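> Structure below; questions to follow.
2 protein chains.
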Amino acid sequence: MKIGELAAATTTKVETVRYYEKIGLLSPPARTSSNYRAYGNDHLARLSFIRRARDLGFTLEAVRELLTLSDDKAQSCEAVDGIARVHLTEIDRKVADLTALRTELDRVLGSCRHGTIASCKIIETLAPRKGL
Amino acid sequence: MKIGELAAATTTKVETVRYYEKIGLLSPPARTSSNYRAYGNDHLARLSFIRRARDLGFTLEAVRELLTLSDDKAQSCEAVDGIARVHLTEIDRKVADLTALRTELDRVLGSCRHGTIASCKIIETLAPRKGL
DNA sequence: GCTTGACCCTGTAGTTGCTACAGGGTGTAG
DNA sequence: CTACACCCTGTAGCAACTACAGGGTCAAGC
């Protein structure tokens, strides 16, 4: 399959596929006589994995780690679990922060409707907390 | 307080603080006789806010707008309302996205049987699926 | 009083994760 | 046979930092 087809099949930009190859996330495929990249199903699977992990918010470095781990079938699952778990904790913190910010914005909007410009406490909402 | 102290208090790099000043997010502080930047508590609060907001995925431009909300006390109610409303929508979208992501990651983690990679459900989940 | 080391200054170049050209070659449909 | 969509390499740009290089400042210790 040509690069355009691979890209379309994974909703990736052609340039991004070449970029992944350049940084070593995707192995260089065979070339046709006219020097076009020729991909197989293994490439398709790997790129799908990369895109999906990226979608889930993993950095390229984390993806690289996950790929290395998944290549070594005999290894234990714990490292994979660890990477995902750290990521999950981060997400939980972000949701909590966003919810606090949302409440404050909502309050600002509410006071607006009553014709008064309440002093906006946005800065205080995300002010440093002791637990951090 | 000196730039290093401010940076440490907000887990920011010194260079980043200077960068925020350069792009106008942080007002230029007073200088000591030896030309060192001298910050007060208002800078600390503002920088804390910027860092948290950035962490939550707001662009610097969005942060800039949020800050004008809390800065400009004389602003018209409509302007405040407009800016707040846009960001409220954005926050709701982010919370929804993160929650979906969380659910998925949680499901993936729950399936981890701590066996070997060969049977790792996390890797399997990220692998390409027919329905995609 | 002088050196050592941790800090500060400005300015510029590199990073991440792409994305967008520029300037060219290839392949097929009309 | 020429138009057009696709492919190639290479470089430059984007946001938002981050890391030097090359220099100045200051408190502590000998």
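First to last, the sequence lines map onto chains A and B.
Under our numbering, the first residue of the first sequence is numbered 24, with each subsequent residue one higher.
Under our numbering, the first residue of the second sequence is numbered 24, with each subsequent residue one higher.
Glycine residues also receive a C-beta, built at the ideal position from the N, C-alpha and C atoms.
Keep in mind that this is a model prediction, so the values were computed, not measured.
(1) Under a Cβ-count criterion, where at least 16 other Cβ atoms within 10 Å of its own Cβ denotes burial, should residue 76/B be classed as buried or exposed?
(2) Does chain A have any CB closer than 9 Å to the CB of residue 111/B?
(3) Pair every Cβ in the region 110-121 of chain A with every Cβ in the region 65-82 of chain B, then say whether three or more of these pairs are closer than 8 Å.
(4) Is it buried or exposed for residue 71/B, if we count other Cβ within 10 angstroms and need 16 for buried?
(5) Kindly list, in the order they appear in chain B, the residues whose Cβ is closer than 9 Å to that of residue 77/A.
(6) Alpha carbon to alpha carbon, how far is residue 5/B from residue 129/A?
(7) Do residue 114/A and residue 88/A have their C-beta atoms within less than 9 Å of each other?
(8) Between residue 47/B and chain A, is there a C-beta pair that is closer than 9 Å?
(9) Specify, as a first and last residue, the run of the alpha helix (DSSP H) that residue 45/B falls within.
(10) Run down chain B in chain order and give the residues with a C-beta less than 9 Å from the C-beta of residue 118/A.
(11) How would you call residue 61/B, buried or exposed, if buried means at least 16 neighbouring beta carbons within 10 angstroms?
(12) Just to make sure I have the definition right: I need the residues of chain A whose C-beta is within less than 9 Å of the C-beta of residue 26/B. Which are they?
(13) Are residue 79/B and residue 48/B closer than 9 Å when you measure CB to CB?
(14) Less than 9 Å separating the beta-carbons of residue 83/A and residue 29/A?
(15) Alpha carbon to alpha carbon, what distance is there between residue 45/B and residue 64/B?
(16) Taking residue 56/A as the reference, which of 32/A, 31/A, 25/A has the closest Cα?
(17) Of all the options 127/B, 43/B, 81/B, which has the alpha carbon lying nearest to the alpha carbon of residue 110/B?
(18) Please work out which residues of its chain come closer than 8 Å, Cβ to Cβ, to residue 154/A, disregarding the five sequence neighbours upstream and downstream, and give them in chain order.
Reading it off the structure:
(1) What you label residue 76/B is simply residue 53 of the second sequence in a count that begins at 1. Buried, because 16 or more other Cβ atoms sit within 10 Å of the Cβ of residue 76/B.
(2) As a working mapping, residue 111/B is identified with position 88 in the second sequence. Closer than 9 Å to some Cβ of chain A, the Cβ of residue 111/B qualifies, so yes.
(3) yes
(4) Reading the second sequence from its first residue, position 48 is the one you call residue 71/B. Buried, by the Cβ-count rule.
(5) Locating residue 77/A in the first sequence gives position 54, counting from the first residue. Per Cβ cutoff of 9 Å: no residues; residue 77/A is ~10 Å from chain B at best.
(6) Nothing can be reported for residue 5/B, as the shown portion of chain B is limited to 24 through 155.
(7) Here residue 114/A is taken as the residue at index 91 of the first sequence, counted from 1. Here residue 88/A is taken as the residue at index 65 of the first sequence, counted from 1. It is not a contact, given that the beta carbons lie outside the stated cut-off.
(8) As a working mapping, residue 47/B is identified with position 24 in the second sequence. It does not: the Cβ of residue 47/B has no partner Cβ on chain A nearer than 9 Å.
(9) Stepping through the second sequence from its first residue, residue 45/B is reached at position 22. That run of the alpha helix (DSSP H) goes 37-45.
(10) Within the first sequence, numbered from 1, the residue matching residue 118/A stands at position 95. Near residue 118/A (Cβ distances below 9 Å), the residues of chain B are 117, 118, 121, 122, 125.
(11) Residue 61/B sits at position 38 when you count from the first residue of the second sequence. By the neighbour-count rule (16 or more Cβ atoms within 10 Å), residue 61/B is not buried but exposed.
(12) For the purposes of this step, residue 26/B is taken as residue 3 along the second sequence, with counting starting at 1. Residues of chain A passing the Cβ test: none, with the nearest at roughly 17 Å.
(13) As a first step, residue 79/B is located in the second sequence; it is residue number 56 there, counting from the start. As a first step, residue 48/B is located in the second sequence; it is residue number 25 there, counting from the start. No, these two residues do not count as a Cβ contact at 9 Å.
(14) Position 60 of the first sequence holds residue 83/A. Position 6 of the first sequence holds residue 29/A. Not a contact, by the Cβ cut-off of 9 Å.
(15) Residue 64/B sits at position 41 when you count from the first residue of the second sequence. Residue 45/B sits at position 22 when you count from the first residue of the second sequence. Each residue's alpha carbon lies about 20 Å from the other.
(16) Translated into the one-based positions of the first sequence, residue 56/A becomes position 33. With distances taken between Cα atoms, residue 56/A lies closest to 25/A.
(17) For the purposes of this step, residue 110/B is taken as residue 87 along the second sequence, with counting starting at 1. Comparing Cα-Cα distances from residue 110/B to each of 127/B, 43/B, 81/B, the minimum goes to 81/B.
(18) One-based indexing of the first sequence puts residue 154/A at position 131. Residue confidence for residue 154/A is low, a pLDDT of 36 falling below 50, so the modelled location carries little weight and cannot support an answer.
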